[in-house]
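Sequential numbering of the sequence shown, starting at 1, is according to full-length UniProt numbering.
What follows is a set of notes on a single structure, which appears directly below.
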Amino acid sequence: MLYIWVGVAGIFGALARYYFGIWIGMYTHAVFPYPTLAINLAGCFLLGWLTMHLFKSNKIHPYIVTALGTGFVGSFTTFSTFSVETVQLIQQSHAFAALLYVFCSLSGGLFMSWTGFKLGGMLHSRLKGRGGSDTAS
Numbered sequence: 001m002l003y004i005w006v007g008v009a010g011i012f013g014a015l016a017r018y019y020f021g022i023w024i025g026m027y028t029h030a031v032f033p034y035p036t037l038a039i040n041l042a043g044c045f046l047l048g049w050l051t052m053h054l055f056k057s058n059k060i061h062p063y064i065v066t067a068l069g070t071g072f073v074g075s076f077t078t079f080s081t082f083s084v085e086t087v088q089l090i091q092q093s094h095a096f097a098a099l100l101y102v103f104c105s106l107s108g109g110l111f112m113s114w115t116g117f118k119l120g121g122m123l124h125s126r127l128k129g130r131g132g133s134d135t136a137s
């Protein structure tokens, strides 16, 4: 049953990535791969937030936790596209853009994950303080 949950969430994550990428692409017409960068940064924030808020709650079934983290966020973000786009930038003689892309992806991804952790943890603590969420310690 877990495989079904992960698969269904993966479908929604992949579709969200596809449509979000198209939407961002409508506003950016540059060599720089803004859609993939934005998607990966959003995914880093989301996984950090989910990890510190929803995943700490014992009210959410473990299948849902795995489906959201591995299925949805895993298929929403894309390391392989990031890697291929970086190589393509280098092959097209856009070495500075490639370096900028790598820097923004890594530093931005870490920052967004940290921000998601902090905000998710704050929300979780607030709800826990009100009796709205239990933790599995």
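Cβ atoms here follow ideal geometry from the backbone N, Cα and C, with glycine treated the same way.
Please read all numbers here as calculations on a predicted model, not as lab measurements.
Does DSSP classify residue i as helix, strand or coil?
i	result
TYR27	coil
HIS124	helix
SER93	coil
THR77	coil
ARG130	coil
MET112	helix
ALA33	Reading off the sequence shown, one finds Pro at residue 33, where the question assumed Ala. Reduced to three states, the DSSP call for PRO33 is coil.
ILE39	helix
MET52	helix
Counting only the same chain and skipping the five closest in sequence on each side, list residues whose C-beta sits under 7 Å from that of residue i.
i	result
SER105	LEU37, ASN40, PHE82
GLY108	LEU41
SER79	Residue identity check: residue 79 is Phe in the sequence provided, not Ser. None.
residue 173	Because the chain is modelled from 1 through 137, residue 173 falls outside the range shown and cannot be assessed.
PHE90	The sequence shown places Ile at residue 90, not Phe. Correct list, in chain order: ALA98.
Leaving out five residues before and five after residue i in sequence, what residues of the same chain have Cβ atoms less than 8 Å from its Cβ?
i	result
GLY74	GLY10, GLY13
THR115	PHE45, GLY48
GLY129	none
Compute the beta-carbon to beta-carbon distance between residue i and residue j, rounded to the nearest angstrom, for a pair I have assumed lies under 8 Å.
i	j	result
THR66	VAL6	6 Å
ALA97	VAL31	6 Å
THR77	TYR101	Contact doesn't hold; Cβ gap of about 15 Å is too wide.
PRO35	GLY25	5 Å
TYR63	MET112	Not a contact, Cβ separation roughly 26 Å.
Segment contact flag, the region 52 to 70 with the region 117 to 133, C-beta cutoff 8 Å, min 3 pairs: With three or more CB-CB distances shorter than 8 Å, the region 52 to 70 counts as touching the region 117 to 133.
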